[in-house]
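Beneath this line is the structure, given in structure tokens, with notes to follow.
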Amino acid sequence: MFHSDFLPMLEKHLKFCRILKCVPYEFDSKKGRVIKAKRPRHLFMYRIQCILSVLYVTAIFLNICVGPLTTKARFQGFALFLVYLLGSIMNWNYSMDMTLIQVIHTFLDFEKYIMKGEI
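For the sequence shown, the working numbering puts the final residue at 120, and the numbers step up evenly by one.
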């Protein structure tokens, strides 16, 4: 299922994301694995996008705190602020965290060994 359904879709999405440089990962077609992007320009553009998202979160926070919003709008804005803040924090930690890629690789390896009948 992962090799036939998920992997081709992931590869297509990563090609599009490579154009936008919105994720620090690439698909290595030789290995059939997702790897960290090694090109400096790709990482530089990704870092700029991380900085822009932090600036956006700061602008949302300032608008919630000092903007001309009603109490209801402040609570709604605070919920969206938390979502954007968590997304920014998760993206910022790209150089240390490989767990998402490791989970995908574990599923792919498990399916490969199940299909071979080695388990």
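In this text, a Cβ means the ideal position worked out from N, Cα and C, and glycines have one as well. Fair warning: this is a prediction, and the values are worked out from it, not measured in the lab.
Between which two residues does the alpha helix (DSSP H) harbouring residue i extend?
i	result
D29	Element bounds for D29: not the alpha helix (DSSP H) but the beta strand (DSSP E), Y26 to D29.
P69	It is not in any alpha helix (DSSP H) - P69 carries neither H nor E in the DSSP assignment.
F17	L8 to L21
M116	T100 to K117
For residue i, write down the residues that DSSP places opposite it in a beta bridge.
i	result
K37	Y26
Given residue i, which residues of its chain have a CB within under 8 angstroms of its CB, disregarding the five upstream and five downstream residues?
i	result
Y85	S54, Y57, V58 and I61
L8	G33 and L109
Counting only beta-carbon separations shorter than 8 angstroms, does residue i have a partner in chain B?
i	result
F82	No chain B appears in this structure, which consists of one protein chain only.
Among the residues of its own chain, which have a CB less than 6 angstroms from the CB of residue i, if the five just before and after it don't count?
i	result
L15	F28
**Study point:** At least 3 beta-carbon pairs within less than 8 angstroms: the segment 37-51 vs the segment 12-26
**Key:** The way I'd put it, the segment 37-51 does touch the segment 12-26; three or more beta-carbon pairs between them come closer than 8 angstroms.
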